[in-house]
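Notes follow once the structure below has been shown.
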Amino acid sequence: MQRDVGSLPLAPALRARLIAAGFQTAQELLETGPCGLSKEIGISKEEALEALQVVRQECHGGAAGTAGGSGATRKCTALELLEEEQAQGFIITFCSALDNILGGGVQLTKITEICGAPGVGKTQLCMQLAVDVQIPECFGGVAGEAVFIDTEGSFMVERVADIATACVQHCQLIAEAHQEEDHLKALEMFSLESILSHIYYFRCRDYIELLAQVYLLPDFLSEHSKVRLVVVDGIAFPFRHDFEDLSLRTRLLNGLAQQLIIIANDHKSAVVLTNQMTTRIGQSQSTLVPALGESWGHAATVRLIFHWDNSQRLATLYKSPSQKESTIPYHITSHGFRDVQPPAVTQNVEGTEMNPRKRPRREEEM
Amino acid sequence: MAAKKLRRARLSQELCERLSRHQITTCQDFLCLSLLELMKVTGQSYYDVQKLLRKVSQACAPKMQTAYEMKLRKSVNPSSAFLSTTLHSLDKVLHGGVPCGSLTEITSPPGCGKTQFCIMVSVLATLPVSMGGLGGTVIYIDTESAFSAERLIEIAGNRFPTYFDSDEKLFCMTRSIHLYRELTCGSVLKRIMSLEEEIISKKVKLIVIDSVASVVRKEFDTRLQGNLAERSNFLARGASVLKYLAEEFSIPVILTNQITTSLSNGFPIQADLVSPADDLSLSEAGIFSPEGNSKSCLKPSMNYVVSPERHLEFSLGR
Numbered sequence: 001m002q003r004d005v006g007s008l009p010l011a012p013a014l015r016a017r018l019i020a021a022g023f024q025t026a027q028e029l030l031e032t033g034p035c036g037l038s039k040e041i042g043i044s045k046e047e048a049l050e051a052l053q054v055v056r057q058e059c060h061g062g063a064a065g066t067a068g069g070s071g072a073t074r075k076c077t078a079l080e081l082l083e084e085e086q087a088q089g090f091i092i093t094f095c096s097a098l099d100n101i102l103g104g105g106v107q108l109t110k111i112t113e114i115c116g117a118p119g120v121g122k123t124q125l126c127m128q129l130a131v132d133v134q135i136p137e138c139f140g141g142v143a144g145e146a147v148f149i150d151t152e153g154s155f156m157v158e159r160v161a162d163i164a165t166a167c168v169q170h171c172q173l174i175a176e177a178h179q180e181e182d183h184l185k186a187l188e189m190f191s192l193e194s195i196l197s198h199i200y201y202f203r204c205r206d207y208i209e210l211l212a213q214v215y216l217l218p219d220f221l222s223e224h225s226k227v228r229l230v231v232v233d234g235i236a237f238p239f240r241h242d243f244e245d246l247s248l249r250t251r252l253l254n255g256l257a258q259q260l261i262i263i264a265n266d267h268k269s270a271v272v273l274t275n276q277m278t279t280r281i282g283q284s285q286s287t288l289v290p291a292l293g294e295s296w297g298h299a300a301t302v303r304l305i306f307h308w309d310n311s312q313r314l315a316t317l318y319k320s321p322s323q324k325e326s327t328i329p330y331h332i333t334s335h336g337f338r339d340v341q342p343p344a345v346t347q348n349v350e351g352t353e354m355n356p357r358k359r360p361r362r363e364e365e366m
Numbered sequence: 001m002a003a004k005k006l007r008r009a010r011l012s013q014e015l016c017e018r019l020s021r022h023q024i025t026t027c028q029d030f031l032c033l034s035l036l037e038l039m040k041v042t043g044q045s046y047y048d049v050q051k052l053l054r055k056v057s058q059a060c061a062p063k064m065q066t067a068y069e070m071k072l073r074k075s076v077n078p079s080s081a082f083l084s085t086t087l088h089s090l091d092k093v094l095h096g097g098v099p100c101g102s103l104t105e106i107t108s109p110p111g112c113g114k115t116q117f118c119i120m121v122s123v124l125a126t127l128p129v130s131m132g133g134l135g136g137t138v139i140y141i142d143t144e145s146a147f148s149a150e151r152l153i154e155i156a157g158n159r160f161p162t163y164f165d166s167d168e169k170l171f172c173m174t175r176s177i178h179l180y181r182e183l184t185c186g187s188v189l190k191r192i193m194s195l196e197e198e199i200i201s202k203k204v205k206l207i208v209i210d211s212v213a214s215v216v217r218k219e220f221d222t223r224l225q226g227n228l229a230e231r232s233n234f235l236a237r238g239a240s241v242l243k244y245l246a247e248e249f250s251i252p253v254i255l256t257n258q259i260t261t262s263l264s265n266g267f268p269i270q271a272d273l274v275s276p277a278d279d280l281s282l283s284e285a286g287i288f289s290p291e292g293n294s295k296s297c298l299k300p301s302m303n304y305v306v307s308p309e310r311h312l313e314f315s316l317g318r
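Here is the structure:
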C-alpha cells in the first residue's frame with residue numbers, strides 16, 4: 001500500500017498529473033476516492049474510477065502473492081519445488097541414450113534448445129516430441145497436446161504420420177504384453193487421427209508473425225489447457241537475414257526468450273527451440289557455434305548440439321543445470337528418432353523392426 | 001503481413017493518427033517496441049497497451065491448423081501433391097516424386113546431369129494431368145546459359161513419342177516454358193520477387209532455377225570479410241520468397257547447386273558450394289555423384305525430412 005505513484009502502470013500523462021498534484025503513495029489515491037480525485041486533477045469521474053481500479057488491482061495482486069496473474073511473484077520452498085519436479089513427467093524421445101543424458105527426457109517447464117547443422121535431425125526430433133507428448137499416462141507419457149510453430153517450412157505431415165503410426169504400434173505391443181484394462185482403454189483414444197488432431201500448427205513466415213504468435217500464445221494455451229509442448233522450429237531463421245539493427249534483434253530475442261520462459265512456467269509445458277549453426281572465424285581456424293550470438297546462449301536452460309562424425313549422428317548435451325556433459329550416437333529411421341542398435345545385441349542390421357520390442361523392458365523400469 | 005498498416009488492424013482512427021506522428025504506421029513498427037515505449041507513445045495504461053498488443057498481434061499472426069487438417073487436405077488431392085519424375089525407383093524413394101509446395105535441391109559436380117534433369121522435369125510439368133504432369137507452364141531461370149531448346153525438343157520427342165506426335169504439339173510445349181536468363185545475383189533476386197504475378201497470369205506449375213551456385217560463386221568470394229554475411233543474406237531472402245511461392249501456389253520449386261571440394265583437415269572432401277539447408281533452409285535435397293562413366297548415382301542426401309538416405313542409380317540417355 002506504500003507503493004509510489006510513479007511506479008503504477010497508469011497512462012503516462014495521468015501519472016504525470018498525479019505527481020504534479022502532490023500524490024505520493026497508492027494509499028493516498030485510494031483514500032481520496034474517484035470524485036475527489038476527479039476534482040483535484042481535473043479529469044472525468046469515469047477516468048478517475050478506472051485509474052483507481054488499476055491501482056486496486058496492482059496493490060491486491062502484490063499483497064496476495066499467489067501465482068494468479070503473470071505479474072505476481074511466487075514464493076515457495078525448495079522442498080515444494082523438489083516434490084513438484086519429482087512428480088513432473090518427462091517427454092521421452094524414444095532414443096533411450098538421449099533420454100538418459102537428459103535425465104529422463106525433455107523436461108517440462110524448461111526451455112530446451114537444439115542446435116545443429118542442416119540435415120542432422122533437429123526437425124525430426126521436434127516431430128518425434130510432438131507425437132511423444134501425447135502418449136497416455138499409463139504408458140509413461142504426459143498425455144498432453146503440442147503446439148508447433150514452424151518458421152522454415154520443414155514440417156512434413158506425411159513424416160509425422162509415419163512417426164505417429166510407429167508410436168501407436170509400439171504402445172499396442174506394450175498393451176498386448178500387459179493386458180491391463182486402462183492400457184486398452186487408453187489405446188482407444190490414442191490413434192493416428194487423434195494424434196494429428198492435437199498438433200496445433202502455425203506457419204510464421206517472418207519475425208513479425210513469430211512475435212505476434214508468441215504474444216497470442218498465452219491466450220491460446222489458456223483455451224487449450226492440455227498443451228504440454230511448444231516447439232519453435234527455426235528460431236534463428238527469421239532473425240538471421242535482413243537484420244541490419246543488431247541491437248533491435250538482441251532486444252526482440254530477449255523479449256521472446258522471457259515470454260517463452262513465462263509460458264513454460266505458467267502452463268507447465270516444455271518449450272523446444274531449434275537453432276542453426278554458424279561459423280565463427282577465429283585467428284587460425286573457424287569453429288561451428290550456435291547462431292544468434294552469445295547473449296542468446298543464456299535463453300535456454302538445456303542446450304543440445306547435434307553434429308556429424310563421419311556418417312554417425314551424435315548428440316552432445318552442451319548445457320544443463322542438472323546433468324553432466326556427454327555425447328551419444330542416435331539414428332533416424334523410418335519410424336523416427338531412435339537409438340543406434342549395438343551390433344552385438346541383434347543379428348539383424350536393419351534393426352528397426354526389433355526396436356519396438358525392446359521398449360517394453362524399459363517401460364517396466366519406469 | 002508485417003507491412004500491414006495499423007488502421008487495417010482495427011485500431012481506432014485517433015490512435016492511428018497519434019502513432020503516425022511518432023512514425024509508427026505498420027504492425028512491424030508497433031510490435032518491435034517495448035511495452036514502456038508503447039505506453040509512452042499511445043498514452044495508455046499498462047493493461048490497455050497489452051490489450052492493444054494482442055489486437056495488433058491478431059492482425060499479423062498466422063492461422064492455426066491441426067496436423068490432421070493438413071493431412072486431410074493433402075489426401076483429398078493426392079495427384080497434385082507430387083510431380084512424378086518417371087524414374088520409378090526415384091519416385092518410390094521420394095514418396096511420389098518431386099513434392100509440390102516445397103523446395104528441392106539437386107546438387108552434383110559438373111557434368112552429371114543436373115541441367116538434363118531440369119529440362120526433363122520441365123517437359124513433364126507441361127504434360128496434362130492425365131499423363132502424370134501438372135498441366136501448366138514452367139518458369140526456367142537460367143544463370144549459366146545451359147538451356148538448349150533443341151535438347152528440350154529431343155527429350156520430349158524421344159520420351160513421349162506418342163504424345164508429341166506432331167510438330168504442333170512440340171511447339172505448344174515449348175511455348176509453355178518461359179526462359180529467363182539472369183546473370184547476376186541482383187537480377188536473380190529481382191526476378192524471384194516479381195514471380196508472384198507471373199505465376200498467376202501464366203498459370204505456372206513449376207519453377208526451376210539452374211543454378212543458384214554459379215551466380216553466387218561469381219559474386220561472393222567467401223574468403224573476403226563481410227561477403228559471407230551478404231551472401232547468406234541474399235540466399236536467405238531468395239529462399240524465403242521461393243518458399244512462400246511454393247507453399248502459396250502448391251507448386252514444386254527446383255534449384256540446382258554445385259559441388260566443390262572443401263579442405264577439411266587436409267583431405268579434400270566433396271561439399272556443397274551453397275550449403276543447402278543452412279542458407280536456404282530446404283526440406284529436401286538430392287545429390288548426383290559420378291560413379292563410373294555413363295552411370296550416375298542419385299543419393300537423396302541427409303537433409304531429408306521425409307525418408308532416410310537411399311542410393312539409386314540412373315543413366316543419362318536419350
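Which chain is which? The protein sequence lines are X and R, in order. If you read the first sequence in the UniProt record's numbering, its first letter stands for residue 1, the second for the next number, and so on. If you read the second sequence in the UniProt record's numbering, its first letter stands for residue 1, the second for the next number, and so on. Ideal Cβ placement from N, Cα and C applies to all residues, glycine included. What you are looking at is a predicted structure, and each value in this text was computed from that prediction instead of being measured.
- Rounded to whole angstroms, Phe249(R) and Lys114(R) show a C-alpha spacing of 25 Å.
- When DSSP states are grouped into helix, strand and coil, Phe139(X) belongs to the helix group.
- Residue Val55(X) holds the alpha-carbon nearest to the alpha-carbon of Gly6(X) among Cys115(X), Gly36(X), Met277(X), Val55(X).
- Within chain X, Val157, Val160, Leu196, Ile199, Tyr201 have C-beta atoms less than 7 Å from the C-beta of Ala67(R), given in sequence order.
- Residues of the stretch 228-241 of chain X with a C-beta less than 9 Å from any C-beta of chain R: Gly234, Phe237, Pro238, Arg240, His241, listed in chain order.
- If you check the CB distance, Leu229(X) and Val133(X) come in under 7 Å.
- Around Tyr46(R), the beta-carbon contacts reaching into chain X at under 7 Å are Pro9.
- Taking all protein chains in view, the Cβ of Met131(R) is surrounded by fewer than 16 other Cβ atoms within 10 Å, so the residue is classified as exposed.
- Within a 10 Å sphere around the beta-carbon of His178(R) sit fewer than 16 other beta-carbons, which makes this residue exposed.
- A straight-line Cα-Cα distance of about 58 Å links Glu47(X) and Val204(R).
- Under DSSP, no beta-bridge partner is assigned to Ala97(X).
- Contact annotation: Tyr330(X) and Cys95(X) have beta-carbon atoms nearer than 7 Å.
- Counted as a single uninterrupted DSSP element, the alpha helix (DSSP H) harbouring Phe249(R) occupies residues 227-249.
- Within chain X, no residue has its beta carbon less than 9 Å from that of Asn257(R); the closest one is some 13 Å off.
- The stretch 82-99 of chain X and the stretch 285-292 of chain X do not touch, with fewer than three beta-carbon pairs separated by less than 8 Å.
- Sequence-distant partners of Cys100(R) (beyond 5 residues in either direction) whose C-beta falls short of 7 Å from its own C-beta, in its chain, are Ser80, Ala81, Phe82, Leu83, Ser250, Ile251, Pro252.
- Burial is judged here by how many other beta carbons sit within 10 angstroms of a residue's own beta carbon; Pro128(R) has fewer than 16 and is exposed.
- With a contact defined as Cβ atoms closer than 8 Å, Arg10(R) and Lys55(R) qualify at about 6 Å.
- Contact between the stretch 25-37 of chain X and the stretch 55-75 of chain R is absent, with fewer than three C-beta pairs closer than 8 Å.
- Approximately 7 Å separates the beta-carbon atoms of Leu35(R) and Tyr46(R); this is inside 8 Å, confirming the contact.
- Not a single CB atom of chain R sits nearer than 7 Å to the CB of Glu244(X).
- Chain order gives the chain X residues near Glu247(R) as Gly153, where near means a beta carbon separation below 7 Å.
- When secondary structure is reduced to three states using DSSP, Ala13(X) falls in the helix class.
- Interface annotation for the stretch 27-53 of chain R against chain X: Cys27, Gln28, Leu31, Cys32, Ser34, Met39, Lys40, Gly43, Gln44, Ser45, Tyr46, Tyr47, Asp48, Leu53, criterion Cβ-Cβ distance under 8 Å.
- Between the alpha carbons of Glu150(R) and Ala156(R) lies a gap of roughly 10 Å.
- Here Ile281(X) is exposed, its C-beta having fewer than 16 other C-beta atoms within 10 Å.
- Here the stretch 294-310 of chain X makes contact with the stretch 244-258 of chain X; the two share three or more CB pairs at distances below 8 Å.
- Counting the other CB atoms within 10 Å of its CB gives Gly140(X) a total of 16 or more, which places it among the buried residues.
- Exclusion of the five residues before and after Ile332(X) leaves Gly121, Gln124, Arg313, Arg338 as the residues of its chain whose Cβ lies within less than 8 Å of its Cβ.
- Taking CB atoms only, Met173(R) has no neighbour in chain X less than 7 Å away.
- No Cβ of chain R is located within less than 7 Å of the beta carbon of Glu84(X).
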